[in-house]
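Quick notes on the structure that follows.
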Amino acid sequence: MTATADRPVSAATPEPRRALRRTRRGPKRPQGAAALTATTIKYASLIIASLFAVVPLATIFMLAFKTDREQRTTGPLTPPSNWFNFDNFVVAFDQGGMVTGFLNTAIILLVSVAGTILIGTMSAYALDRFRFRGRKLVMGLFLLATLVPSVTTQVATFQVVSALELFNTRGAAILLFMGTDIVAIYIFLQFMQSIPVSLDEAAMLDGANRFTIYWRIILPLLKPAVATVVIIKGIAIYNEFYIPFLYMPSQDLGVISTSLFRFMGPFGAQWQIIAAGTILVIIPTLVAFLFLQRYIYNGLTSGATK
Amino acid sequence: MVTVQGASPATRAVVTNHPRPPRTLRPGRPPKATGSRVTPWLFLVVPLAFLIVLTYVPVANMFWYSLTSWDGLEPEQEFVGIDNFVQIFTKPEIFQVFFVSLYYLVGAVAQLVLALYLATLLSFRTRFKNLFKGVIFFPYLINGVAIGLVFLYFLRPGGTLDALLAAVGVQDTPQWLGDPSFVNASLAATSVWRYMGLNFVLFLGAIQSVPSEQYEAADLDGANSWHKFRFIILPSIRRILGLSFILAIAGALSAFEMPYVMTGGANGSETFVIQTVNTAFKFSKVGLASAMAVVLLLIVLIITFVQRRVFPDEKGGES
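Residue numbers (our numbering), protein chains in the order written: chain A, 945 to 1250; chain B, 1447 to 1765.
Written as structure tokens, this is what we have:
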């Protein structure tokens, strides 16, 4: 951002600007040929990288519009004859259990995200605004838990979930999503340190108790951090495969990942249906990305470096 | 980790039960209201219950199971000592899956180098910067199963990759996922495709947080792009680079989703985590699987510990 702040690059008026820039650049960079080569290599690299990202997706997109016959007879790089052939999407939606999948994902996502926010903000409030015996111990317990990769402990977590009689219920996924998110606690903790304590004190002088302060003052001020957690948690839950696969094997409890995973059996040779299902799963992600780009970048940066 | 020598006054007070010394208030902190001793615990009771039940109980159980020959169903758990661990390190069919990790490790290194290269390119003035950034990053956001299916089609015989190679004249292509000598490289490459965008965006963010005056000063000093990379960019992203490296290693060791979705571990593409999951849930050897999980957990903890030593948190321990 900073590097381009003074000269915003606008795609709308490329021509005069480009000419201007070239003359401006002239005296500054005497080695014109070398600079030109460097620029060429740079844009070539970026274009190749972009093609690597796009081509696998583009062929799946084209495939989703092909008929069964077309799929068998044409190559992956041939566009479909009819771009408005939505039959595959209908089949994927109807027979592929995608409706159930989206519904289950939505339920699990809403409940777990709300739970994560409550748990995270409550922990952060207690740890940041109180000094009490055992505080460091609690901090240490949370910190230590971030080091345990959840994929390793599922063998034993499975027994706990069974003992709680949550196996094969949405409760299993919800509990695991909201109960094991320590990164969210850290994001809240960090943000809360920037909320002035004088606000708490003023409210306390007005006779507010600690719970009122948490609910009426702290929680509303945490909104930006809440947005961050909603975004990174939302993406993570939407994409999670392992937990629903392990704990919710029943067909009716399929989330989008597991529903899509089950496409491989019945639609084994019908690649156009699989492609349609894949595109249906990717579209919400793409829409979310286009609208929330900046928040997603920021959220991931604050989430990943914890 | 919690009980290192410089134990906090709070914990020491708990242990030795001294009368508490008058506490010096940290600036900007609320004075400890009287009678609020219970209040923080009211806020913490639910989070702590979750933490203990879903993280610490499983970890403790896992260590116990790893010393038994339990099958996950029978009520009695027979203690077998370190038998399971001996099996892991002596039975070649268990141990050899670690070699599969090597492919993912190589992939992880390639992923970081690529991400660093692209982030550096984009940190200079570039047309369509946001477009490039978005396109290169987007794969990271896609559902893992969807990526698995996309690449099953991409890599299948007569799939996109073969078609592209045929277009440039390469006809005799191997079975990318069917041939045991290619399958792991193909899967590792798919993982690179999936995760590279995150590293790229993190690196780019770190590079761009360098004040632009530094570049201007470097320009005045006649620095070229390489100098800027070597003396401005590289130092500024040292910490995030270290962190990403460790995360990439841990990720390579615990690779699961891509191979599980795409091949189910067939053709010699079984990774350590797939094997652990199968041992536990397919072959009902919870004891042995727990021992394998313990081994992986210890490796990850050691790597993390090394990382904390080599790249200490600049902020220092907050409280």
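All C-beta atoms in this analysis are idealised placements derived from N, C-alpha and C, irrespective of residue type, glycine included. These numbers come from a predicted model, not from an experiment.
Using a cut-off of 8 Å between C-beta atoms, extract the partners of residue i located in chain B.
i, result
"A/Tyr-1069", "Phe-1489"
"A/Arg-1160", "Within chain B, no residue comes near A/Arg-1160; the closest Cβ sits about 15 Å away, beyond 8 Å."
"A/Leu-1021", "Thr-1606, Ala-1609, Leu-1610, Ala-1613"
If the cut is a Cβ gap below 7 Å, which residues of chain A does residue i touch?
i, result
"B/Ile-1588", "Ile-1226, Thr-1229"
"B/Val-1394", "Chain B is shown only over 1447 to 1765; residue 1394 of chain B falls outside these bounds and no answer can be derived."
"B/Glu-1703", "Phe-1185, Tyr-1186"
"B/Pro-1504", "Thr-1097, Ala-1100, Thr-1101, Val-1104"
Please report how far the alpha carbon of residue i lies from the alpha carbon of residue j, in whole angstroms.
i, j, result
"B/Asp-1529", "B/Leu-1513", "7 Å"
"A/Pro-1188", "B/Arg-1571", "44 Å"
"B/Ala-1635", "B/Gly-1553", "6 Å"
"B/Pro-1758", "A/Leu-1021", "49 Å"
"A/Lys-1080", "A/Leu-1244", "27 Å"
"B/Ala-1612", "A/Gly-1019", "11 Å"
"B/Val-1746", "B/Val-1596", "30 Å"
"A/Leu-1053", "A/Gly-1178", "7 Å"
"A/Asp-1031", "A/Ser-1201", "22 Å"
"A/Thr-1124", "B/Ile-1749", "21 Å"
"A/Gly-1059", "A/Thr-984", "50 Å"
"A/Asn-1242", "B/Val-1526", "49 Å"
"A/Arg-1238", "B/Thr-1725", "43 Å"
"B/Asp-1625", "B/Asn-1713", "7 Å"
"B/Ala-1479", "A/Thr-1097", "At B/Ala-1479, the pLDDT of 48 sits below 50, so the modelled position is not reliable; the number obtained from the coordinates is stated separately. Taking the straight line from one Cα to the other gives about 40 Å."
"B/Tyr-1661", "B/Ala-1565", "16 Å"
"B/Met-1642", "B/Phe-1583", "8 Å"
"B/Leu-1601", "B/Trp-1622", "6 Å"
"B/Leu-1689", "A/Pro-1024", "44 Å"
"A/Ala-1036", "A/Glu-1145", "57 Å"
"B/Val-1719", "B/Ile-1695", "14 Å"
"B/Arg-1684", "B/Ile-1653", "10 Å"
"B/Ala-1609", "B/Trp-1639", "19 Å"
"B/Gln-1451", "A/Leu-1085", "Residue placement at B/Gln-1451 is flagged as unreliable, the pLDDT there being 36, under the threshold of 50; the coordinate-derived value follows with that caveat. Rounded to the nearest angstrom, the two C-alpha atoms are 17 Å apart."
"A/Ala-1232", "A/Ala-979", "38 Å"
The alpha helix (DSSP H) with residue i in it runs from where to where?
i, result
"B/Val-1532", "1529-1536"
"A/Ile-1179", "1167-1183"
"A/Glu-1145", "1141-1149"
"B/Asn-1645", "1626-1654"
"A/Ser-994", "976-1007"
"B/Lys-1579", "1575-1583"
"B/Gln-1423", "Past the edges of chain B, shown from 1447 to 1765, lies residue 1423 of chain B, and the structure says nothing about it."
"B/Lys-1674", "1671-1674"
"B/Leu-1488", "1485-1497"
"B/Gln-1617", "From DSSP, B/Gln-1617 is part of no alpha helix (DSSP H); its letter is neither H nor E."
"B/Trp-1510", "1503-1511"
"B/Tyr-1586", "Segment: none, B/Tyr-1586 is in no alpha helix (DSSP H) and carries neither H nor E."
"A/Arg-1075", "Looking at the DSSP string, A/Arg-1075 is not in any alpha helix (DSSP H), and its letter there is neither H nor E."
"A/Gln-1015", "1012-1017"
"B/Glu-1769", "Because chain B is modelled from 1447 through 1765, residue 1769 of chain B falls outside the range shown and cannot be assessed."
"A/Asn-1032", "1031-1039"
"A/Phe-1102", "1094-1107"
Measuring CB to CB, does residue i end up less than 8 Å from residue j?
i, j, result
"A/Thr-1229", "B/Leu-1587", "yes"
"A/Gly-1198", "A/Gly-1041", "yes"
"A/Met-1136", "A/Leu-1166", "yes"
"A/Phe-1121", "A/Ser-1056", "yes"
"B/Pro-1486", "A/Phe-1074", "yes"
"A/Phe-1005", "A/Ile-1139", "no"
"B/Ser-1730", "B/Leu-1519", "yes"
"B/Tyr-1549", "B/Ala-1631", "yes"
"B/Thr-1717", "B/Ser-1547", "yes"
"B/Met-1738", "B/Leu-1633", "no"
"A/Ser-1246", "A/Thr-1044", "no"
"A/Leu-1190", "A/Phe-1102", "yes"
"A/Ala-1089", "B/Leu-1497", "yes"
"A/Leu-1163", "A/Thr-1065", "yes"
"A/Ile-992", "B/Ala-1592", "no"
"A/Val-1104", "B/Val-1499", "yes"
"A/Pro-1000", "B/Ser-1700", "no"
"B/Glu-1522", "B/Ser-1515", "no"
Chain A partners of residue i, CB-CB under 9 Å?
i, result
"B/Tyr-1511", "Val-1099, Ala-1100, Gln-1103"
Counting only Cβ pairs nearer than 7 Å, list the residues of chain B close to residue i.
i, result
"A/Lys-1167", "What A/Lys-1167 touches in chain B: nothing, since even the nearest Cβ is about 19 Å away."
"A/Trp-1215", "Tyr-1599"
"A/Asn-1183", "Asn-1589, Gly-1590"
"A/Leu-1091", "Leu-1747, Thr-1750"
"A/Ile-1004", "Val-1596, Tyr-1599"
I want to verify the contact list: residues of chain A whose CB lies under 8 Å from the CB of residue i, in sequence order.
i, result
"B/Asn-1507", "Ala-1100, Gln-1103, Val-1104"
(message) So, does the region 1658-1672 of chain B touch the region 1605-1616 of chain B, judging by three or more C-beta pairs under 8 Å?
(response) no
(message) Pairs of beta-carbons, one from the region 1180-1187 of chain A and one from the region 1142-1156 of chain A, closer than 8 Å: are there three or more?
(response) no
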